[in-house]
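**Student:** Structure in structure tokens, see below.
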Amino acid sequence: DMKLVDVVDVVNGMSHRVGCDEFYLDEVSEWVSETVEQFREELRPGEASVDVLVSDAVNGLCSFLFILVPHEPGVPSLRCGVAMRARLVEFFDNVNLGDVEGCLAFLSAASTELEGAFELSG
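When the letters of the sequence shown are read in order and numbered with the numbering used here, they come out as residues 3 to 124.
So, in structure tokens, the structure goes:
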């Protein structure tokens with residue numbers, strides 16, 4: 003299990019390498035808690051859903067955080083990576099966010115870098 007601050011450190015290392023803006027821990031923390039709360043209200047047993055937080059693009063590249071929220075009592079997990087902004091736009095246009103396997107396959111193919119899954123603890 004990783005703390006959110008550790009995951010933000012990993013994605014900010016990636017952001018730094020490609021010249022993207024870094025993520026602020028407060029911003030990520032708020033996004034994670036709002037996303038988990040919203041999904042937990044909607045998910046039925048056996049379901050999971052995902053969301054993506056994307057940095058501003060620099061030279062077409064951006065870093066991103068990807069969260070997978072399973073139905074309770076599952077633990078949310080995060081992945082982070084770097085991809086072309088255009089590919090992430092394609093992601094939102096073409097992928098069903100309830101299709102976790104499809105989302106992961108797309109992200110793996112689209113990313114120049116991808117790390118995780120980091121299971122969130124506390």
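Even for Gly, the Cβ is constructed at its ideal location relative to N, Cα and C. Small disclaimer: the values here were computed from a predicted structure and weren't measured.
Going by beta carbon distance, what residues of the same chain come within less than 6 Å of V54, once the five residues before and after it are set aside?
**Tutor:** Taken in chain order, the residues that qualify are F66 and F68.
**Student:** Below 8 Å, how does it come out for the region 8-25 and the region 89-98: are there three or more Cβ pairs, yes or no?
**Tutor:** No: the two stretches stay apart, fewer than three of their Cβ pairs being nearer than 8 Å.
**Student:** Rounded to whole angstroms, what is the Cα-Cα separation between T37 and E29?
**Tutor:** The alpha-carbon atoms of T37 and E29 are separated by roughly 12 Å.
**Student:** In chain order, what residues of the same chain have a beta carbon less than 8 Å from the beta carbon of P47, not counting five sequence neighbours either side?
**Tutor:** So the qualifying residues of the chain are H73.
**Student:** Just curious, the beta strand (DSSP E) that D53 is in, first and last residue?
**Tutor:** It spans A50 to V56 - the beta strand (DSSP E) in which D53 sits, taken as one unbroken run.
**Student:** To the nearest angstrom, how far is the alpha carbon of F120 from that of S35?
**Tutor:** Answer to the nearest angstrom: the Cα atoms are 16 Å apart.
**Student:** Enumerate, from N- to C-terminal direction, the unbroken alpha helix (DSSP H) stretches of 4 or more residues contained entirely within the region 13-54.
**Tutor:** As far as the region 13-54 is concerned, its whole alpha helix (DSSP H) runs of at least 4 residues are 27-44.
**Student:** Exposed or buried, V77, counting other C-beta atoms within 10 Å across all chains shown (16 or more means buried)?
**Tutor:** Classification of V77: exposed, given that the 10 Å Cβ count is below 16.
**Student:** Could you tell me the boundaries of the beta strand (DSSP E) in which G62 lies?
**Tutor:** First-last for G62: undefined, no H or E at that position.
**Student:** Alpha carbon to alpha carbon, how far is V10 from E103? Give it in angstroms, no decimals.
**Tutor:** One C-alpha to the other measures close to 24 Å.
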